[in-house]
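So the sequence shown is numbered by my numbering: it starts at 213 and just counts up by one.
By construction, the Cβ of each residue, glycine as well, lies at the ideal position given by its N, Cα and C atoms.
Note that the structure is a prediction, hence the values are computed from the model and not measured.
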Amino acid sequence: MPSIRKIQISTFRNLDQEQLEPSTAATLIVGENGSGKSSILEAIHFLGLGRSFRNTQQTPLIQHGKRACSVFGELDKGLTMGVSRSLDEPPQMRVQGDRAASSSELARHLPLQLLNAEAFRLLEGGPKTRRQYIDWGVFHVEHGFHGHWRDFKRCLQNRNALLKQKAKSAELAPWTQEFVLHARAIDAQRKAYLDLFIPYLERMLDQLISLEGLEFRYYRGWAEDEDIAEALASNIERDRMLGHTSPGPQRADLKIRIGKQYASDILSRGQQKLLVSAMKLAQGAFLAEESGRQCVYLIDDLPAELDRENREKVCRLLQGLGSQVFLTGTDAEELVKTVEASGFTTKEYKLFHVKHGRISG
Ligand SMILES: Nc1ncnc2c1ncn2[C@@H]1O[C@H](COP(=O)(O)OP(=O)(O)OP(=O)(O)O)[C@@H](O)[C@H]1O
Ligand SMILES: [Mg+2]
Numbered sequence: 213m214p215s216i217r218k219i220q221i222s223t224f225r226n227l228d229q230e231q232l233e234p235s236t237a238a239t240l241i242v243g244e245n246g247s248g249k250s251s252i253l254e255a256i257h258f259l260g261l262g263r264s265f266r267n268t269q270q271t272p273l274i275q276h277g278k279r280a281c282s283v284f285g286e287l288d289k290g291l292t293m294g295v296s297r298s299l300d301e302p303p304q305m306r307v308q309g310d311r312a313a314s315s316s317e318l319a320r321h322l323p324l325q326l327l328n329a330e331a332f333r334l335l336e337g338g339p340k341t342r343r344q345y346i347d348w349g350v351f352h353v354e355h356g357f358h359g360h361w362r363d364f365k366r367c368l369q370n371r372n373a374l375l376k377q378k379a380k381s382a383e384l385a386p387w388t389q390e391f392v393l394h395a396r397a398i399d400a401q402r403k404a405y406l407d408l409f410i411p412y413l414e415r416m417l418d419q420l421i422s423l424e425g426l427e428f429r430y431y432r433g434w435a436e437d438e439d440i441a442e443a444l445a446s447n448i449e450r451d452r453m454l455g456h457t458s459p460g461p462q463r464a465d466l467k468i469r470i471g472k473q474y475a476s477d478i479l480s481r482g483q484q485k486l487l488v489s490a491m492k493l494a495q496g497a498f499l500a501e502e503s504g505r506q507c508v509y510l511i512d513d514l515p516a517e518l519d520r521e522n523r524e525k526v527c528r529l530l531q532g533l534g535s536q537v538f539l540t541g542t543d544a545e546e547l548v549k550t551v552e553a554s555g556f557t558t559k560e561y562k563l564f565h566v567k568h569g570r571i572s573g
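What follows is the structure in structure tokens.
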């Protein structure tokens, strides 16, 4: 089960040279606004994915006035991982001292689930966020998915470039053929995953909140009664005009509705947080059940939007999963009360304070 034994952070946002030895169960990080709590979680995210969760621009990660930042982690079974970013050199990602081929290699070793204010995008954002959500699970559970997705993306780019040039069908044919192959595989793997995962998610959701009529429905990116080859053929004129491919797994979505309305349009903020919490927790738990591999949870500002009872419900679920979890908050007493009420023993959690980017135990 991946769990982080030690993290070393260097000139990453407001964290200068900091080290943390977390609990294998719950690690509580408390401090005032702007002290560096989210930056610690971001550093762990950087270690597990080679990028920030805040923005696509990675340079703000490097501490102002410095030229590079790095995060180094020791995991259980002696596994080491290191990621760095520099203004002068290409980014580096290492596993056991060897260069990692891609960020997916990091992700395989350190599966992460992040629950922060951005998680609401699962409900109110565009389909891309929900596709990434589905694909996190498919990537970790279904072998071969990553290869299909990587090759599909390359194929889509080439096909779109040709469509922009108004290319003839004969020129498109090799890419179309490959597109069809990968599209069918991606859809089949997403479907297989969701067929098992959605009932699992619904059971977890029942433990947090009752939302009458809530429905998760997978949309694969083209009509259910149409083969992808037919869908591409019938859209070809339109796609030439648009300069991109309309049908396909690049359009997939997981529609989350209550009756006829989108969940984000009718649920309260607290209800939305419970829903996205269940979605995040369930994915990690499902991974553990399917593959025996635990994921590490990063929960930024658990108390936000939730009343005491619901904070404890979420925390109790986390406790039950037995995964390593990092929780941040501004009020130490309140956070400690929540984890204790949720069944974490004093041996199972560690409390750290952050002040102006300095971590103390
Ligand atoms: N590249 C950087 N170099 C130095 N400091 C930075 C950099 N990027 C951000 N900061 C600062 O780091 C500090 C810590 O930010 P962080 O988001 O981690 O705080 P926080 O403890 O999570 O606060 P909150 O409780 O408001 O969420 C902020 O003051 C921020 O302005
Ligand atoms: Mg924060």
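* Would you call Glu230 buried or exposed, if buried means 16 or more other Cβ atoms sit within 10 Å of its Cβ? -> Buried, since its Cβ has 16 or more Cβ neighbours within 10 Å.
* **Rounded separation between Phe357 and Ile398 - CA only** => Taking the CA atoms as reference points, Phe357 sits about 7 angstroms from Ile398.
* By DSSP, does Thr236 sit in helix, in strand, or in coil? -> Assignment of Thr236 by DSSP, reduced to helix, strand and coil, places it in the coil class.
* **Ser576 versus Phe564 - alpha carbon distance** => Absent from the model: residue 576. The displayed extent of the chain is 213 to 573, so no value can be given.
* Does DSSP classify Phe224 as helix, strand or coil? -> Note: Phe224 maps to strand in three-state DSSP.
* To do: Taking Ser296 as part of the beta strand (DSSP E), name the residues at either end of that continuous run.
  => Ser296 -> beta strand (DSSP E) spans Thr292 to Ser298.
* Asked: Going along the chain, which residues of its own chain have a beta-carbon closer than 6 angstroms to the beta-carbon of Ala544, five neighbours each way excluded?
  -> Excluding sequence neighbours, Ala544 sits near Val242.
* Is it right to say Asn328 is buried, meaning 16 or more other beta carbons lie within 10 angstroms of its own, or is it exposed? -> Label assigned to Asn328: buried.
* **Stretch-stretch touch, CB-based, cutoff 8 angstroms, three pairs: the stretch 470–490 with the stretch 298–307** => These segments do not touch.
* Is the CB of Glu330 under 8 angstroms away from at least one CB in chain D? -> No chain D is present in this structure, which holds just one protein chain.
* To do: Consult DSSP for Lys467 and reduce its assignment to one of helix, strand or coil.
  => Strand at Lys467.
* Would the beta-carbon of Val566 be found less than 7 angstroms away from any heavy atom of ligand 1? -> At least one heavy atom of ligand 1 is nearer than 7 angstroms to the Cβ of Val566, so yes.
* Asked: Does the pairing of the stretch 491–510 with the stretch 355–375 give three or more beta-carbon distances under 8 angstroms?
  -> No contact exists between the stretch 491–510 and the stretch 355–375.
* To do: To the nearest angstrom, report how far apart Lys365 and Leu393 are at their CA atoms.
  => Within the model, the alpha-carbon separation for Lys365 versus Leu393 is close to 12 angstroms.
* When the distance is taken between beta carbons, is Tyr405 closer than 8 angstroms to Gly349? -> For Gly349 and Tyr405, yes; Cβs fall inside 8 angstroms.
* Could you spell out where the alpha helix (DSSP H) holding Thr182 opens and where it closes? => No statement about residue 182 is possible, as the shown extent of the chain runs from 213 to 573 and does not include it.
* Taking only heavy atoms of ligand 2 into account, decide whether any of them is closer than 7 angstroms to the Cβ of Asp512. => Yes, the Cβ of Asp512 comes within 7 angstroms of a heavy atom of ligand 2.
* **Integer Cβ distance of Val215 from Gln536, believed to fall under 8 angstroms** => Residue 215 is actually Ser in this sequence, not Val. Ser215 to Gln536, Cβ: 4 angstroms. Contact.
* Residues bridged to Arg429 by DSSP? -> According to DSSP, Arg429 bridges with Lys467.
* **Cβ-based neighbour list, Gln220, same chain, cut-off 6 angstroms, excluding 5 preceding and 5 following** => The answer, listed in chain order, is Gln231 and Phe284.
* Output the residue ranges of the beta strand (DSSP E) runs that lie fully inside the stretch 438–483 and measure 3 residues or longer, sorted by chain position. => For the beta strand (DSSP E) assignment, the uninterrupted runs of no fewer than 3 residues enclosed by the stretch 438–483 are, from N- to C-terminal side, 465–470.
* Inspect the beta-carbon positions of Glu354 and Gln401 and report whether they are closer than 8 angstroms. => Yes.
* **8 angstroms Cβ cutoff met for Phe428 and Leu444** => No; because the gap between Cβ atoms is not below 8 angstroms, this pair is not in contact.
* Closer than 7 angstroms: is that where the CB of His257 sits relative to any heavy atom of ligand 1? -> Every heavy atom of ligand 1 is 7 angstroms or more from the Cβ of His257, so no.
* To do: Given a cut-off of 8 angstroms, decide if Leu487 and Ile511 are closer than it, judged by their beta-carbon atoms.
  => The Cβ atoms of Ile511 and Leu487 lie no closer than 8 angstroms to each other.
* **Check whether Ile470 and Gly425 have beta carbons under 8 angstroms apart** => Cβ atoms of Ile470 and Gly425: closer than 8 angstroms.
* Within the present structure, is the beta-carbon of Ser250 separated from the nearest heavy atom of ligand 2 by less than 7 angstroms? -> Judged by the Cβ position, Ser250 qualifies as a neighbour of ligand 2 at the 7 angstroms threshold, a heavy atom of the ligand being closer than this.
* **Three-way DSSP call (helix, strand, coil) for Glu502 in this model** => The three-state secondary structure of Glu502, taken from DSSP, is helix.
* Among Gly359, Phe391 and Pro323, which has the Cα closest to the Cα of Leu368? -> Taking only the C-alpha atoms, the option nearest Leu368 is Phe391.
* To do: Taking all protein chains shown into account, decide if Gly294 is buried (16 or more other Cβ within 10 angstroms of its Cβ) or exposed.
  => The residue in question, Gly294, is buried, as its Cβ has 16 or more Cβ neighbours within 10 Å.
* **Residue interval of the alpha helix (DSSP H) (run including Ile421)** => Counting along the chain, Ile421 falls outside any alpha helix (DSSP H), and DSSP gives it neither H nor E.
* With respect to 7 angstroms, is the separation between the Cβ of Gly243 and the closest non-hydrogen atom of ligand 1 below this value? -> Because some heavy atom of ligand 1 lies under 7 angstroms away, the Cβ of Gly243 counts as near it: yes.
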